[in-house]
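Please read the structure below before turning to the comments.
Protein chains: 2
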Amino acid sequence: MLPRGRPRALGAAALLLLLLLIGFFLFGGDLEYERPRGAAALDGDPPADRGGHNLSDCVPPRPLPPKCELLHVAIVCAGHNSSRDLNTLVKSVLFYRKNPLHFHLVTDAVARNILEMLFHTWMVPAVGVSFYDLEELKPQVSWIPNKHYSGLYGLMKLVLPGALPPDLARVIVLDTDVTFASDIAELWALFAHFSDKQVIGLVENQSDWYLGNLWRNHRPWPALGRGFNTGVILLRLDRLRQAGWGQMWKLTATRELLTLPATSLADQDIFNAVIKEHPGLVQPLPCVWNVQLSDHTLAERCYSEASDLKVIHWNSPKKLRVKNKHVEYFRNLYLTFLEYDGNLLRRELFACPSPPPPGTEQLQRALAQLDEEDACFEFRQQQLTVHRVHISFLPHEPLPPRPHDITLVAQLSMDRLQMLEALCRHWPGPMSLALYLTDAEAQQFLRFVEASAVLSARQDVAYHVVYREGPLYPVNELRNVALAQALTPYVFLSDIDFLPAYSLYDYLRASIEQLKLNSERKVALVVPAFETLHYRFSFPSSKAELLALLDSGSLYTFRYHEWPRGHAPTDYARWREAQTPYRVQWAADYEPYVVVPRDCPRYDPRFVGFGWNKVAHIVELDAQEYELLVLPEAFTIHLPHAPSLDISRFRSSPAYRDCLQALKDEFHQDLSRHYGAAALKYLTALQQPPGPA
Amino acid sequence: MLPRGRPRALGAAALLLLLLLIGFFLFGGDLEYERPRGAAALDGDPPADRGGHNLSDCVPPRPLPPKCELLHVAIVCAGHNSSRDLNTLVKSVLFYRKNPLHFHLVTDAVARNILEMLFHTWMVPAVGVSFYDLEELKPQVSWIPNKHYSGLYGLMKLVLPGALPPDLARVIVLDTDVTFASDIAELWALFAHFSDKQVIGLVENQSDWYLGNLWRNHRPWPALGRGFNTGVILLRLDRLRQAGWGQMWKLTATRELLTLPATSLADQDIFNAVIKEHPGLVQPLPCVWNVQLSDHTLAERCYSEASDLKVIHWNSPKKLRVKNKHVEYFRNLYLTFLEYDGNLLRRELFACPSPPPPGTEQLQRALAQLDEEDACFEFRQQQLTVHRVHISFLPHEPLPPRPHDITLVAQLSMDRLQMLEALCRHWPGPMSLALYLTDAEAQQFLRFVEASAVLSARQDVAYHVVYREGPLYPVNELRNVALAQALTPYVFLSDIDFLPAYSLYDYLRASIEQLKLNSERKVALVVPAFETLHYRFSFPSSKAELLALLDSGSLYTFRYHEWPRGHAPTDYARWREAQTPYRVQWAADYEPYVVVPRDCPRYDPRFVGFGWNKVAHIVELDAQEYELLVLPEAFTIHLPHAPSLDISRFRSSPAYRDCLQALKDEFHQDLSRHYGAAALKYLTALQQPPGPA
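Rendered as structure tokens:
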């Protein structure tokens, strides 16, 4: 601190400082980086080196980021689409941030489900998340008539001072449709500009809406001039609570609603009306912190001057399709984060040590114990990888549950997208599909679904994105993600290259009823598997047709040529004749497609890449004494495809095969440990000559 | 400027300013963004809000970027691998930049070829590029014995003051192994800190190398303390030239080489020796501008304090595999730009209007003329898309030319990578392959090749990456990219799903010789096409074996079931019996695989997605009077694969088929315009019932 008690000298100094600082801003601000040497700015380089600055160019020096201070961000988020938007917003914030962050998320049940899983699996250091129940807060705003497309969710921002923890003094409030192009700490630093009276920081509205002259009888809510936009808000929660904010906005809203029928712009109308009444509450923020890209935006006045845009706001219901001659420019900034690999944001803040996210330490110990020289290092590393998971990536409205309902469970990556339409035609019931994608591929997938009438029409198909990381395909982890999200009492554990008989969904439910199964009974219904080698073939509509195709050589039993052991126990000969379900016994390498109760054992995630991933699951079912019942009218048919990269590696690499063998051995050791002598038969079966998978 | 002539008052003011600025740095620097209000810093908010700063935390305000000033960057780049590194470096620079840039690239012929095409097709606004011939400059440094892994290329930095244009006063010099994490204008702004005498800005070396105590008899070149690292250099070229830099470094180097056998760290040893002799030349830069990640780096001293790293330098020959406990952190920053979609950097600098890159205006006019309501809008937009092209993505050493040599030309995307090994086994000759990939996929492709012994062993396969943009597969543009890069007199125009007969390469060259063809003669040698429906099948080693498989129903003539017209004119019946080449006539929808002279007509890029892309090319050959000769022993076999997304769209969308028809019509109109009455037969052929492709 400066010595007190010399007010006059200080006053003079302050005045001089002011003068010098003005000069400083005008001529370039030669502050040194290690020690103050401001005076040097006055006798330094020729002005030619500084470019042609004028006053409006003078972006001031960036304020000090409050180093390692925890910054708080509140966001209201509801539904599947906003959850995707939030993911993109968070990626943009994390990309530039250098401070620990805490996200306060006001969510509905759908968004909470998605985002809890997303943040839990994301494991970003120095990021905390709290959830607040939107339903609980709704009554506080649901009385307000509102015409804005954000519905009630926009209005929810009004109640944040009461909803957030009482000891939270400041928060940045963001709409889900904003994208950061700079460090959020710079925004947080603007709190320092608030006077004692100011409680809310906002950017001026970049449209003429509140001027009230857009059309005849256009009557917007009252606002100061153009008013302010509430896509980005700095809130002094402590002062708002002290000032009785809860009463204040309700009084204003109630009064305005006496003459106005409803809010047009949700919370924004009410914030503006309050500010019009109490102008001292607002600290205007620089326009770059909320560049608004609505259809008739005046934002160009802002961005054509500023070289450094900070936050872009897609505040039109058209979002990226908004009409704006520079939309490509902004779209590129947005796409950057839409497609950004979120895994790369799992980086520590060196300068701000913070406790690691839950589970990280254990994981890092396990990773540190791996031996890089181990031939199976890649497998073990892949097994330990925690994949970021975005469940219910697209809107999903499960139908009311039917009795004995069955969810088809499968996993895929980009190269199998073209299977989805056919699968939807063959399986009219619910599906839970895990997709292994990069962030960029997830967007391609989204466009693919939007472009498909067949896929868009289905509300009972849930797509769960597991973000790619590591060289080996985590097939069993993917299956487990899809399985965990199935909502029906039964699941059909399928693979993406199979098309079930058109009647299978109905037939399976009828069979479960006829067999009087219940979800406690350990039964696995076997769906016999076949394959065609032709891309275009006429799918059999009955067992009789299927048998005819089989006899004519157009169809084969699945992997008849390469690996008959995988399905031999199904006993195709018996199936030809069978009229009723029949029981079969487990045998080594059996890997049928089965329908089981939803609470069946999970797949063993140690099997990554190609090989033994389903076999191990069937062993586990058998060890847990599931009865295997083959259904006489059920069938599913495998369509041809090129070999996957993983199967190519398996075939070409002896090391790959050796690792698979090591994994099998470890699996059997665990099996013995778990099931004791009963697991002996699996080891005995192993003694038989090993097959390819 | 401040009034002169009051030196004492100014002196006192400067002193006070200094004091105040110290306080200012200590307590957080509440500079306002719109007008100076520095005094407010002294009576503002409670210190609690600023976090616990201490002196070392005090990152000073960012200096003013010289708005719209053109910044110059020089980089030495040679060979395929450095060109890939340069691409990543440039992406990181462009991501954060807000100024027009000019890159001065000192390159060998390989890098120049690659980078000229890359920048030409990248079309980034406000980016200029100049090339300088590395070979011409070599004699100036080739006399220096050097042990560093960068070879002569590192040393080349010494001669930049003479090599760059004489009117260029300042330049930032970068190694290709650095990654930016901030705006390069901030680095440029550090030129302003140079005193009148200083000519070179450098960051201190972050290792103990130059202390000379790493091992017994370790004798490094002389340096000031730890010396400086030359991965990032600010050069005052004007002053260097004035000071006789060319003589200066040569004198020092010659003198040191009297007692030292060679440079260990290339140019860095010489820069340091000169600086040791003339310490006044150097302006030390903050450590964050060159965070050095070598094996025994001391960089943690830098990055554990600074929250804002600016440039990362992978200055170990191990690069990303360097041993450093924080390497994951830095790797993530690097991967960000390695995988970043470079197309997103094609964004204007609003605040700095600059002339558009060549061709852009024409393109934008054409795009603006498209009608968004046109059902074929997507096709027309895709046709106008300029794809960024990175030729020779991997090292490629063409073998000495053989007579009548033939390059296999094909294109693919990620879903066909698994074909490459088999293709290499079947075609021992040169190949030119275009790959349609995202930036991230290009890295997966690189790892795929590195992991494959078969692919790594081949130096005569050139891979050209065309970066993905737009929804439709630009099949013919890809073919043209691969075709343009073929270096042999003949090309075999194939598709990636085909495996040629093992003998085909030799047989084709022998046939060309026997037929006494020369590359002026317009002949297209037809390679008859077959298909198998099995993934695993024993590839026929002779025509006799092939015919046996055909007779047994294991092989078919290509698209026998779906589209026999495509290959019917090849006349398979005649081929069975043929002993010598025979001539066939063009017929509608004919699309054989052919060998033609390299200067054959290009593919028509209007055909994007699925359909008619090869057919149109054969029409063009016929219109130009190419003779079609079927070779009696040649064959190629199509392997099965799942239908592509494009073919799925074609089959499911009537609009897609209508657009293809519109494209065909336009193609025929152009044909008539070009070939007149001779093109009538193609229109007549059109009257026949249309087929699927």
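Here the protein sequences line up with chains A and P, keeping their order.
In terms of numbering that gives the first Met the number 0, the first sequence opens at residue 0 and continues consecutively.
In terms of numbering that gives the first Met the number 0, the second sequence opens at residue 0 and continues consecutively.
All C-beta atoms in this analysis are idealised placements derived from N, C-alpha and C, irrespective of residue type, glycine included.
Since the structure is predicted, the reported quantities are computational estimates derived from the model, not experimental observations.
CA-CA distance, ARG605/A to LEU436/A, rounds to 20 Å. As for any beta strand (DSSP E) of minimum length 3 sitting wholly inside the stretch 67 to 126 of chain P, the runs are 70 to 76, 100 to 106, ordered along the chain.
Interface annotation, TYR328/P: in contact with chain A, CB-CB separation under 7 Å. Proximity to ALA433/A across PRO399/A, ALA439/A, SER493/A peaks at SER493/A, based on C-alpha coordinates. Here ILE143/A carries a coil assignment [DSSP, helix/strand/coil]. In summary, THR579/P is exposed, with fewer than 16 beta-carbon neighbours lying within 10 Å of its beta-carbon over all protein chains present.
When secondary structure is reduced to three states using DSSP, GLU255/P falls in the helix class.
Here PRO285/P carries a coil assignment [DSSP, helix/strand/coil]. Put simply, the backbone Cα of TYR131/P is about 28 Å away from that of TYR339/P. TRP121/P has its alpha-carbon roughly 38 Å from the corresponding atom of VAL72/A.
With respect to the 7 Å criterion, THR178/P and SER91/P are classified as neighbours on the basis of their beta carbons. THR262/P and SER315/P have their C-alpha atoms some 16 Å from each other. Taking a Cβ-Cβ cut-off of 7 Å, ASN289/A has no neighbours in chain P, whose nearest Cβ is about 14 Å from it. Here the alpha carbons of TYR302/P and ALA654/P stand approximately 57 Å from one another. When the beta-carbon positions are compared, HIS566/P and ALA622/P stay at least 7 Å from each other.
Taking 7 Å as the CB threshold, LYS97/P lines the interface with chain A. For the stretch 247 to 281 of chain A, the set of positions with a beta-carbon nearer than 8 Å to some beta-carbon of chain P is empty. Residue nearest to HIS192/P within the set ASP174/P, PRO283/P, GLY153/P is PRO283/P (criterion: CA-CA distance).
What LEU343/P touches in chain A, judged by beta-carbon distance under 7 Å, is ASN331, LEU334, THR335, going in chain order. The straight-line gap separating the alpha-carbon atoms of ALA242/P and ALA168/P is approximately 13 Å. For the stretch 348 to 380 of chain P, the residues whose beta carbon sits under 8 Å from a beta carbon of chain A are, in order, LEU348, PHE349, ALA350, CYS351.
The shortest CA-to-CA distance from ARG345/P to any of PHE378/P, ALA374/P, THR384/P is the one to THR384/P.
C-alpha of TYR462/A to C-alpha of ALA409/A: approximately 10 Å in a straight line.
The shortest CA-to-CA distance from HIS425/A to any of HIS560/A, LEU398/A, SER540/A, TRP214/A is the one to SER540/A. The continuous alpha helix (DSSP H) containing GLN267/A extends over residues 266 to 276. Take MET413/P, set aside five residues on each side of it, and the residues of its chain with a beta-carbon closer than 6 Å to its own are GLU440, in chain order. In this structure, DSSP gives PRO600/P a state outside helix and strand, which the three-state scheme calls coil. The contact set of THR437/A on chain P, defined by CB atoms closer than 7 Å, consists of ALA439 in chain order.
For TYR555/A, there is no enclosing alpha helix (DSSP H); the residue is part of the beta strand (DSSP E) that begins and ends at 554 to 556.
Interface residue (Cβ-Cβ distance to chain A less than 7 Å): ASP414/P is classified as such. Around VAL172/P, the same chain offers ALA73, LYS156, LEU159, ILE232, LEU234 as residues with beta carbons nearer than 7 Å, after the five sequence neighbours per side are excluded. Annotated as distal: LEU85/P and ASP107/P, with beta-carbon spacing of 7 Å or more. For HIS673/A, the uninterrupted alpha helix (DSSP H) segment begins and ends at 653 to 674. Judged by DSSP in its simplified three-state form, TYR148/A adopts coil rather than helix or strand.
Those residues of the stretch 549 to 580 of chain P placed with their C-beta closer than 8 Å to a C-beta in chain A are HIS560, GLU561, ordered along the chain. C-alpha of ASP176/A to C-alpha of LEU88/A: approximately 7 Å in a straight line.
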